[in-house]
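Chemist: Just so you know, the sequences run in chain order G, E and B.
At position 232 of the first sequence (counting the first as 1) the number is 949 in the numbering used here, and the numbers step up by one without a gap.
At position 127 of the second sequence (counting the first as 1) the number is 108 in the numbering used here, and the numbers step up by one without a gap.
At position 96 of the third sequence (counting the first as 1) the number is 77 in the numbering used here, and the numbers step up by one without a gap.
Questions regarding the structure given below will be posed in turn.
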Amino acid sequence: MAEDGFRVAADEAVAERLAAEAFIIDVDGFEGPLDLLLMLSRTQKVDLRKISVLKLAEQYLAFVNQAKSLRIELAADYLVMAAWLAYLKSRLLLPPDPTEDGPTGDELAAHLAFQLERLQAMRDVAARLMARDQKGRDFFVRGATETVERTRRVTFTATLLDLMQAYARIRTKDEFRPFVMDRKDLYTMEEALARLRPLVGYAGEWTDLMSYLPEGWELDPMRRRTATAATFAASLELVKAGRIHIRQPESFAPIQIRAVERDDG
Amino acid sequence: MMAEHDGREPEQSLFEAPPEAEQERMVEAILFAAAEPVTVAELNARMPHGADAARALESLRRRYDGRGVQVVRIDTAWAIRTAPDLGFLMQKEVVETRKLSRAAIETLAIIAYHQPVTRAEIEEIRGVAVSRGTVDQLLEMEWIRFGRRRMTPGRPVTFVVTSEFLDHFGLESARDLPGLRDLRAAGLLENRPPPGTDDGEDGDQGQSEMFTPDPEDGNDGEPPA
Amino acid sequence: MMAEHDGREPEQSLFEAPPEAEQERMVEAILFAAAEPVTVAELNARMPHGADAARALESLRRRYDGRGVQVVRIDTAWAIRTAPDLGFLMQKEVVETRKLSRAAIETLAIIAYHQPVTRAEIEEIRGVAVSRGTVDQLLEMEWIRFGRRRMTPGRPVTFVVTSEFLDHFGLESARDLPGLRDLRAAGLLENRPPPGTDDGEDGDQGQSEMFTPDPEDGNDGEPPA
Chain G
718 MAEDGFRVAA DEAVAERLAA EAFIIDVDGF EGPLDLLLML SRTQKVDLRK
768 ISVLKLAEQY LAFVNQAKSL RIELAADYLV MAAWLAYLKS RLLLPPDPTE
818 DGPTGDELAA HLAFQLERLQ AMRDVAARLM ARDQKGRDFF VRGATETVER
868 TRRVTFTATL LDLMQAYARI RTKDEFRPFV MDRKDLYTME EALARLRPLV
918 GYAGEWTDLM SYLPEGWELD PMRRRTATAA TFAASLELVK AGRIHIRQPE
968 SFAPIQIRAV ERDDG
Chain E
-18 MMAEHDGREP EQSLFEAPPE AEQERMVEAI LFAAAEPVTV AELNARMPHG
32 ADAARALESL RRRYDGRGVQ VVRIDTAWAI RTAPDLGFLM QKEVVETRKL
82 SRAAIETLAI IAYHQPVTRA EIEEIRGVAV SRGTVDQLLE MEWIRFGRRR
132 MTPGRPVTFV VTSEFLDHFG LESARDLPGL RDLRAAGLLE NRPPPGTDDG
182 EDGDQGQSEM FTPDPEDGND GEPPA
Chain B
-18 MMAEHDGREP EQSLFEAPPE AEQERMVEAI LFAAAEPVTV AELNARMPHG
32 ADAARALESL RRRYDGRGVQ VVRIDTAWAI RTAPDLGFLM QKEVVETRKL
82 SRAAIETLAI IAYHQPVTRA EIEEIRGVAV SRGTVDQLLE MEWIRFGRRR
132 MTPGRPVTFV VTSEFLDHFG LESARDLPGL RDLRAAGLLE NRPPPGTDDG
182 EDGDQGQSEM FTPDPEDGND GEPPA
């Protein structure tokens, strides 16, 4: 007897715990208060358009109370919804107060019903969407595709007139030769590159860039300037090409270069 | 042997354009070679001068009617896809796709049916916050993309579905979403603000504006980017 | 339970094999979706019991005869491939025509008028260095080529114009190029622009701009008589 009673009590405790656990799982399974409301509304077994919002509010409040009695922590938004539904319930039950501004209880209820219907509708179409034939599952794309080669061809063109005008321009310019920069004292970047390229391979150590100026150009200031500029520009090209490192310890300090070792790349 | 010719050629532009049967072959070759849908504009660009890809497409589509592969339209582009009823033969080709969460599926549906739609509107419809991961996943799958910003305070971004989405679900355009007409008729695609809120802000944006029934105009359901 | 067919006579097992047209659709879909050519054995394995892939394949192959894609045999397997005559559609060439740069046209002019000419001489005449790129470009266009080496110290290479050059400019030989006197007679060396040809299209202001006798009028290659 006593044993049975004990067993019954124990069973009840287990049942209660299971119920509580089930409840926790259920709460976790809901995507927020609206989702819970939608589930509760199904128990009314009517078209969502004919749902009794008042009854639904009561169902929700009962649910929240039950959760409280089971000492289940409900997320804040569930409690906010409970408070709002309690308010809605009072608005629905009390006769409308003509002095009060704002929406009537019926308007609020209608909107809630609309929200539920809309959520349900979205779930229905989501299911219909996912039930459609899907690419890669029901229908398939071409397995052996061919790539379209995109070749970009630039053609240059000129007319005979362009050609003659160009020539005329040069020949006319001859008469004004003094205006033209003197080629003798111009060191081009191409020349500097051609000179630097074979040399930098031997620059295992940091070397002053100025030591790479072509012979005879470092004396005359003007030639030295153009050679320096060209050599510096050429060194930047080589840095870009990954052939050398370049550094300048501080402002106005000598610029130094060093070959990039083959195996450190 | 040449494909059959169609005797009565109404166009006068025979001068330089290839014959219609030939144009159809060209469209066929181009569509077969590509996995991605090809736009009519690109077809025309790749075909010889004077070709009319749209017309060739139409007759090609009819030709493949009922065959094992089909010519389908996706938005403004076209592709060849296997007939859905033969999917069972293709187990070898099936690629396991990441299973979408319920939240992601619902969010996707809301974007598809309410586009362009803001995150706040999605949350209003679902009644819960939309997690960043959900949106990121859909963006990454290229099923949704950003649409125009809404001209309301804060200028929130909107989301719209992509043509990749349409392709995946075998839809010609967003107008062909299942049940769209009924939802619209039931007023469930309206942006209906809660009573008592200041509803001045949403006067300009019918979310369902893109779905305005207008079957005549060939405009693709996508809002301009 | 139904007795198992013994499969000895596949021809007669029509009882469960799909109709031939259906088998053809299946082969079509499988070949389309497969990344690699598919053997008849594999087709049979993937198709419903009792299907005859070889026969379906044969009729599919006939169906695609003359179309934009074809059913072809690769070794022992089968695939759908673009018809050989349409291969050109699989490449898209974007041709861009640009006007030659001033440096290039001047270099070209000097070569044409002074050929055979060395690089140093070109630089002497132009008054500025000739970049390697400019020469390479003209070589690549096949408007100039290397001539004989000059028998001077360093044996520098010379440049001459090609027959493509003459062709492009409608000249019989380089000697037909109008001389300075002709240029002057044609008004090309006058300092003020001929009336009515004034246009401000040439935006770049090189040093020699001020010596340019006249703005170019249009793009057509006809020199004034």
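Every residue, glycine too, gets a C-beta built ideally from N, C-alpha and C.
Just the Cα atoms here: how many angstroms apart are G:Leu936 and B:Arg83?
Modeler: Using only the alpha carbons, I get a separation of about 34 Å.
Chemist: Could you run through the segment 809 to 830 of chain G and flag, in chain order, every residue whose CB is less than 7 Å away from some CB of chain E?
Modeler: Those residues of the segment 809 to 830 of chain G that come within reach of chain E (Cβ to Cβ, closer than 7 Å) are Gly819, Pro820, Glu824, Leu825 and His828.
Chemist: Helix or strand or just coil, what does DSSP make of B:Arg83?
Modeler: Here B:Arg83 sits in helix by DSSP.
Chemist: Helix, strand or coil for E:Val142? Go by DSSP, reduced to three states.
Modeler: If DSSP states are grouped into helix, strand and coil, E:Val142 belongs with the strands.
Chemist: Please work out which residues of its chain come closer than 6 Å, Cβ to Cβ, to B:Asn25, disregarding the five sequence neighbours upstream and downstream, and give them in chain order.
Modeler: Here the set comprises Ala34.
Chemist: Helix, strand or coil: which one does DSSP assign to B:His149?
Modeler: Helix.
Chemist: Quick one: grab the DSSP three-state call for E:Ile103.
Modeler: Correct three-state label for E:Ile103: helix.
Chemist: Is it the case that the Cβ atoms of E:Ile11 and B:Gly49 are separated by a distance below 9 Å?
Modeler: Yes; because the gap between Cβ atoms is below 9 Å, this pair is in contact.
Chemist: Could you run through the segment 847 to 877 of chain G and flag, in chain order, every residue whose CB is less than 7 Å away from some CB of chain E?
Modeler: Here the close residues are Met847, Arg849, Asp850, Gln851, Lys852, Gly853, Arg854, Asp855, Phe856, Phe857, Val858, Arg859, Gly860, Thr862 and Glu863.
Chemist: What are the boundary residues of the alpha helix (DSSP H) that includes G:His962?
Modeler: First-last for G:His962: Ile961 to Arg964, but that is the beta strand (DSSP E), not the alpha helix (DSSP H).
Chemist: Could you tell me which chain G residues have their CB closer than 8 Å to the CB of B:Pro159, listed as they occur along the chain?
Modeler: Met881, listed in chain order.
Chemist: Determine which residues share a DSSP beta bridge with G:Arg869 and list them.
Modeler: BP columns for G:Arg869 point to B:Val75.
Chemist: Could you pull out every unbroken alpha helix (DSSP H) segment of at least 4 residues lying fully inside the segment 934 to 976 of chain G, listed in chain order?
Modeler: The qualifying runs are 938 to 957.
Chemist: Mapping DSSP to helix, strand and coil, what is B:Phe127?
Modeler: Here B:Phe127 sits in strand by DSSP.
Chemist: Going by DSSP, which residues form a beta bridge with G:Lys852?
Modeler: Answer is G:Phe856, bridged to G:Lys852.
Chemist: In the DSSP assignment, find the beta strand (DSSP E) that holds E:Gln51 and state where it starts and stops.
Modeler: Here the beta strand (DSSP E) through E:Gln51 covers Val50 to Ile55.
Chemist: Grouping DSSP H, G and I as helix and E and B as strand, with all else coil, what is G:Trp923?
Modeler: Note: G:Trp923 maps to coil in three-state DSSP.
Chemist: On the DSSP bridge assignment, give the partners of E:Ile61 in chain order.
Modeler: In the DSSP output, where bridge partners are listed per residue, E:Ile61 has E:Val52.
Chemist: Under a Cβ-count criterion, where at least 16 other Cβ atoms within 10 Å of its own Cβ denotes burial, should B:Gly151 be classed as buried or exposed?
Modeler: Its Cβ having fewer than 16 others within 10 Å, B:Gly151 is exposed.
Chemist: Classify G:Val797 as helix, strand or coil using the three-state DSSP reduction.
Modeler: Correct three-state label for G:Val797: helix.
Chemist: List the residues that DSSP assigns as beta-bridge partners of G:Thr816.
Modeler: Partner(s): none; G:Thr816 has no beta bridge.
Chemist: Looking only at its own chain, which residues have a Cβ that is under 8 Å from the Cβ of G:Gln761, when we skip the five neighbours before and after it?
Modeler: Contacts found: Ile768, Ser769, Lys772 and Leu773.
Chemist: Along chain G, which residues have their Cβ under 8 Å away from the Cβ of B:Tyr94?
Modeler: Neighbours of B:Tyr94 on chain G, chain order: Tyr884.
Chemist: Quick check: G:Leu836 and E:Arg107, are their CB atoms within less than 9 Å of each other?
Modeler: Yes; because the gap between Cβ atoms is below 9 Å, this pair is in contact.
Chemist: Using beta-carbon positions only, say whether G:Thr905 and G:Leu930 come within less than 9 Å of one another.
Modeler: No, these two residues do not count as a Cβ contact at 9 Å.
Chemist: Is there at least one Cβ from chain E nearer than 9 Å to G:Glu834's Cβ?
Modeler: Yes, its Cβ sits closer than 9 Å to a Cβ of chain E.
Chemist: Taking Cβ-Cβ distances below 7 Å as the criterion, which residues of the segment 47 to 78 of chain B are in contact with chain E?
Modeler: Flagged, chain order: Gly47, Arg48, Gly49, Val50, Ile61, Thr63, Ala64, Leu67, Leu70, Met71 and Lys73.
Chemist: Have a look at G:Asp855 and G:Leu829 and give me their C-alpha separation to the nearest angstrom.
Modeler: Straight-line Cα distance between these residues: approximately 39 Å.
Chemist: Use the C-beta contact count for G:Gln973: other C-beta atoms within 10 angstroms, 16 or more gives buried, fewer gives exposed.
Modeler: So G:Gln973 ends up on the buried side.
Chemist: If you draw a straight line from the C-alpha of E:Asp148 to the C-alpha of E:Val141, how long is it?
Modeler: Each residue's alpha carbon lies about 14 Å from the other.
Chemist: Contact check, E:Asp46 vs E:Ser154 under 8 Å by CB: the rounded distance?
Modeler: About 20 Å; that fails the 8 Å criterion.
Chemist: Near G:Arg913, which residues of its chain fall below 8 Å by C-beta distance, leaving aside the five closest residues on each side in sequence?
Modeler: Per the sequence presented here, residue 913 of chain G reads as Leu, with Arg not at that position. If we look at G:Leu913 and ignore the five residues flanking it on each side, its Cβ neighbours are Tyr929, Thr948, Ala951, Ser952 and Leu955.
Chemist: Do you know how far the Cα of E:Thr88 is from the Cα of E:Thr115?
Modeler: Near 8 Å, if we compare the C-alpha coordinates of E:Thr88 and E:Thr115.
Chemist: If I measure Cβ to Cβ from B:Ala(-2) and keep anything under 8 Å in the same chain, skipping five residues before and after, which residues do I get?
Modeler: Within the same chain, B:Ala(-2) has close Cβ partners Pro(-9), Gln4, Pro29, His30, Gly31, Ala32 and Asp33.
Chemist: Could you list the residues in the segment 127 to 142 of chain B with a C-beta less than 9 Å from some C-beta on chain G, going in chain order?
Modeler: Going along the segment 127 to 142 of chain B in chain order, one finds no residue with a Cβ nearer than 9 Å to chain G.
Chemist: Any idea if G:Lys785 is buried or exposed, counting beta-carbon neighbours within 10 angstroms, 16 or more meaning buried?
Modeler: Counting Cβ neighbours within 10 Å, G:Lys785 comes out exposed, since fewer than 16 surround it.
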